[in-house]
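Residue numbers (the working numbering), protein chains in the order written: chain A, 1 to 145; chain S, 1 to 145; chain R, 1 to 145; chain W, 1 to 145. We put the beta carbon where it would ideally sit given N, CA and C, even for glycine. From a predicted model like this one, the values you see are computed outputs, not experimental measurements. The structure appears below as structure tokens.
There are 4 protein chains.
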Amino acid sequence: MALSSNTNLRVRYAETDQMGIVYHSNYLIWFEVGRSELFRDLNLPYTEFEKQGLGLAVVEANCRYRKPTRYDDELVIVTKVESMTSRSVTFTYHVYRDETLVADGKTVHVFINQNGRPSDVRKYEIWQRLQPILEKHTASVVPLS
Amino acid sequence: MALSSNTNLRVRYAETDQMGIVYHSNYLIWFEVGRSELFRDLNLPYTEFEKQGLGLAVVEANCRYRKPTRYDDELVIVTKVESMTSRSVTFTYHVYRDETLVADGKTVHVFINQNGRPSDVRKYEIWQRLQPILEKHTASVVPLS
Amino acid sequence: MALSSNTNLRVRYAETDQMGIVYHSNYLIWFEVGRSELFRDLNLPYTEFEKQGLGLAVVEANCRYRKPTRYDDELVIVTKVESMTSRSVTFTYHVYRDETLVADGKTVHVFINQNGRPSDVRKYEIWQRLQPILEKHTASVVPLS
Amino acid sequence: MALSSNTNLRVRYAETDQMGIVYHSNYLIWFEVGRSELFRDLNLPYTEFEKQGLGLAVVEANCRYRKPTRYDDELVIVTKVESMTSRSVTFTYHVYRDETLVADGKTVHVFINQNGRPSDVRKYEIWQRLQPILEKHTASVVPLS
Chain A
1 MALSSNTNLR VRYAETDQMG IVYHSNYLIW FEVGRSELFR DLNLPYTEFE
51 KQGLGLAVVE ANCRYRKPTR YDDELVIVTK VESMTSRSVT FTYHVYRDET
101 LVADGKTVHV FINQNGRPSD VRKYEIWQRL QPILEKHTAS VVPLS
Chain S
1 MALSSNTNLR VRYAETDQMG IVYHSNYLIW FEVGRSELFR DLNLPYTEFE
51 KQGLGLAVVE ANCRYRKPTR YDDELVIVTK VESMTSRSVT FTYHVYRDET
101 LVADGKTVHV FINQNGRPSD VRKYEIWQRL QPILEKHTAS VVPLS
Chain R
1 MALSSNTNLR VRYAETDQMG IVYHSNYLIW FEVGRSELFR DLNLPYTEFE
51 KQGLGLAVVE ANCRYRKPTR YDDELVIVTK VESMTSRSVT FTYHVYRDET
101 LVADGKTVHV FINQNGRPSD VRKYEIWQRL QPILEKHTAS VVPLS
Chain W
1 MALSSNTNLR VRYAETDQMG IVYHSNYLIW FEVGRSELFR DLNLPYTEFE
51 KQGLGLAVVE ANCRYRKPTR YDDELVIVTK VESMTSRSVT FTYHVYRDET
101 LVADGKTVHV FINQNGRPSD VRKYEIWQRL QPILEKHTAS VVPLS
């Protein structure tokens, strides 16, 4: 069973470019909206992480664009935790319009402390709330080292 | 004599929308690029302000769009300090393409401290460097109260 | 009675800046989201306008920032048609967080044809659908000249 | 010998987020700025492509973030054509700050016609100007099929 969340989103005019379609960097922003929603669904809003001095820095992002999307399109972002260690998380994203996959991608993040240095999530209070969630979804999470 | 600075800028593809012209919110970002350049020209980079715990929060912004601008256009942003008090600054902006005015606008800012509360610029070290500059340009600056 | 629409919106991480609050140009994008919603509420999606070769070009925008907004804030954008002629429309926007007004603004638009020239909305088919709506809301609409 | 171009760029305040560093989707925009510059350096501005009804649609993008970048940083984007066929181009990007690699990435594009369908660049007039350039840089370009 996967840690997964669906987010609905409508394309903004500002997100289009002169090709008449969505400018490609906006998908990474949508991925982040999906991530936020996933955390919120788990009752662990990302604002909680930051309050504890814990950040999730992006170290890698990629996206495959399969169909153009357009102003006013209604999209669904399906966000999943693909794998997790005590120091990093990998998310995958699938963007659908009417059941058609229009794009998919992946981001890799490392946990960082307030000085921007890599850190271990188990040192933070939020770990007490995160651990039981992960245990319920073991199939999708790599054992913490 | 005015506190003034010219910034050259080339329109990015990402800044266009499906109308084939620059999406209007980007002009506010260009204004900020102009402001940054003005501070840098004065040898008072905005990073210095922030290092001292002093911010310049935008409280008002407006822009009139006179001619559309397009991808790859070369623009000049002329940024001026219109007025200043110890607690606020008003900037004006004129955007030109080949000597033609394509847009102009204004932003009003208040000085804030690290808690986001309004503050008096004269309480900060940077004031020692700012004051002599303002004295050289008295015509454009409202006397500090 | 006013032509009015409410839009719910959650602040994206991408919309913040290093001051820890929403970067000010994003409010203009939210205004556009509000405008889109207003048209959709009237059963006149803006995509319909463009299909008929009719555009609404922004000629003026302004915003007053009253309270900072932050990542994950839930906001409501109240969009209204302030006035309208056959050649232009003025919208106002009020942004609320928990009943508190955090920002308000105004945009002025002119109708343009596919060559980007000012045009009269009454020459387009969509006028047949727009007119009865306007007649129901006469108080808020300046008589068409 | 590679088709390559260097672009200087200064980080905008708008590009930062509340982590105090540049928001990650902006790197894709910088890559596009690099691409534009590369075309301009070759005396083949991308506006020329579009005038002939030829587009370059992004089908894949990725980026590795090695060091955070910050407001006012001066960066250099080194853009290269990694490979090319008559139907697609792959670009690589390396972003440096003071000789330090801060990020690198890749985008894959397909040539499209005005209907957004995949197309062969050799059918367009611009091919007459593109071909001699490619012949000078054979090492970096996969033979056109």
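Per the contact definition of three or more C-beta pairs closer than 8 Å, is the segment 52-64 of chain R in contact with the segment 108-115 of chain R?
-> Touching, per the Cβ criterion.
If you measure beta-carbon to beta-carbon, which residues of the segment 22-33 of chain R are closer than 7 Å to chain A?
-> Of all residues in the segment 22-33 of chain R, I29, E32 and V33 have a Cβ within less than 7 Å of some Cβ in chain A.
Inter-stretch contact (C-beta, 8 Å, three-pair minimum) for the segment 12-27 of chain S and the segment 36-56 of chain A | The segment 12-27 of chain S is not in contact with the segment 36-56 of chain A.
Helix, strand or coil at D104 (chain R) according to DSSP, with G and I counted as helix | Per DSSP, reduced to three states, the secondary structure at D104 (chain R) is strand.
At a Cβ threshold of 8 Å, is D72 (chain W) touching chain S?
-> Judged by the 8 Å Cβ criterion, D72 (chain W) is in contact with chain S.
Can you tell me whether G105 (chain R) is buried or exposed, with buried defined as 16 or more other CB within 10 angstroms of its CB?
-> Classification of G105 (chain R): buried, given that the 10 Å Cβ count is 16 or more.
Using the DSSP secondary-structure output, state which residues sit across from A56 (chain A) in a beta bridge.
-> Reading off the sequence shown, one finds Leu at residue 56 (chain A), where the question assumed Ala. DSSP lists A:F111 as partners of L56 (chain A).
Whole angstroms is fine: what's the gap from Y93 (chain S)'s alpha carbon to I77 (chain S)'s?
-> So the alpha carbons of these two residues sit roughly 7 Å apart.
Determine, using beta carbons only, whether D17 (chain S) comes closer than 8 Å to chain A.
-> Cβ-Cβ to chain A under 8 Å: yes for D17 (chain S).
Under a CB-based cut-off of 8 Å, is S36 (chain W) close to chain S?
-> Yes, S36 (chain W) lies at the interface with chain S (some Cβ there is under 8 Å from its Cβ).
Is DSSP giving I126 (chain R) helix, strand or coil here?
-> Correct three-state label for I126 (chain R): coil.
Apart from the five residues on each side of it in sequence, which residues of its chain come closer than 7 Å, Cβ to Cβ, to Q114 (chain W)?
-> Excluding residues within five positions, the ones whose Cβ falls inside 7 Å are G53.
Going by the beta-carbon positions, is the gap between L9 (chain W) and V81 (chain W) smaller than 8 Å?
-> In this structure, the beta-carbon distance from L9 (chain W) to V81 (chain W) does not fall below 8 Å.
Within-8 Å CB hit, N62 (chain R) to chain S | With a threshold of 8 Å between beta carbons, N62 (chain R) makes contact with chain S.
Measuring only between beta-carbons, confirm whether Y13 (chain W) sits less than 8 Å from chain S.
-> So yes, Y13 (chain W) belongs to the interface.
As assigned by DSSP and simplified to three states, the class of K80 (chain W) = Under the three-state reduction of DSSP output, K80 (chain W) falls in the strand class.
Any idea if T16 (chain W) is buried or exposed, counting beta-carbon neighbours within 10 angstroms, 16 or more meaning buried?
-> Answer is buried; the Cβ neighbour count reaches 16.
Which of helix, strand or coil does DSSP assign to E99 (chain S)?
-> DSSP places E99 (chain S) in coil when its eight states are reduced to three.
Round the Cβ separation of Y71 (chain W) and V11 (chain W) to the nearest angstrom and send it over; I've been treating them as touching at under 8 Å.
-> Sure, about 5 Å apart at Cβ, within 8 Å.
Three-state secondary structure (DSSP) at S5 (chain W)?
-> Strand at S5 (chain W).
When burial is assigned at 16 or more other CB atoms within 10 Å of the CB, is T100 (chain S) buried or exposed?
-> With fewer than 16 Cβ atoms within 10 Å of its Cβ, T100 (chain S) is classed as exposed.
Rounded to a whole number of angstroms, what is the C-alpha to C-alpha distance between D88 (chain A) and L44 (chain W)?
-> One detail in the question is off: residue 88 (chain A) reads as Ser in this sequence, not Asp. Taking the straight line joining both Cα atoms gives about 43 Å.
So, helix, strand or coil for P132 (chain S), using DSSP?
-> In this structure, P132 (chain S) counts as helix in the three-state DSSP scheme.
Residues near W127 (chain W) by beta carbon distance below 7 Å, same chain, minus five either side | V121, listed in sequence order.
Buried or exposed for Q18 (chain S), please, with buried defined as at least 16 other CB atoms from any protein chain shown within 10 angstroms of its CB.
-> Looking at its Cβ environment, which holds 16 or more other Cβ atoms inside 10 Å, Q18 (chain S) is buried.
Return the chain-ordered ranges of every alpha helix (DSSP H) run that is complete within the segment 27-52 of chain S and spans a minimum of 4 residues.
-> Those alpha helix (DSSP H) runs which fall completely within the segment 27-52 of chain S and span 4+ residues are 46-51.
Closer than 8 Å, CB to CB, is G53 (chain S) near chain R or not?
-> No, G53 (chain S) does not count as interfacial toward chain R.
For D98 (chain R), I'd like the list of residues in its chain whose CB is within less than 6 Å of its CB, leaving aside the five on either flank, ordered along the chain.
-> Around D98 (chain R): no qualifying Cβ.
Apart from the five residues just before and just after S145 (chain R), which ones in its own chain have a Cβ nearer than 7 Å to its Cβ?
-> Because S145 (chain R) sits at a pLDDT of 47, beneath the cut-off of 50, its placement in the model cannot be relied upon, and the point is left open.
Y93 (chain S), DSSP secondary structure in three states = The answer is strand: DSSP assigns Y93 (chain S) an E or B state.
Return the CA-CA distance between V141 (chain W) and K51 (chain W), expressed in angstroms with no decimal places.
-> Only weak support exists for where V141 (chain W) lies, its pLDDT of 49 falling under 50; the coordinates are left without a value.
Who are E15 (chain R)'s beta bridge partners in DSSP?
-> Answer is none; E15 (chain R) lacks a bridge partner.
Return the CA-CA distance between I133 (chain S) and D41 (chain S), expressed in angstroms with no decimal places.
-> Rounded to whole angstroms, I133 (chain S) to D41 (chain S) spans 11 Å at the Cα level.
Inter-residue spacing [alpha-carbon to alpha-carbon] between L75 (chain R) and A103 (chain R) | When rounded, the distance between both Cα atoms is 10 Å.
Contact set for V6 (chain A): own chain, Cβ-Cβ below 6 Å, skip 5 residues either direction | Looking at the sequence itself, residue 6 (chain A) is Asn, so the reference to Val does not match. V76 and V78.
CB contact below 8 Å: G105 (chain A) versus chain S | No, G105 (chain A) lies away from the interface with chain S (no Cβ there is under 8 Å from its Cβ).
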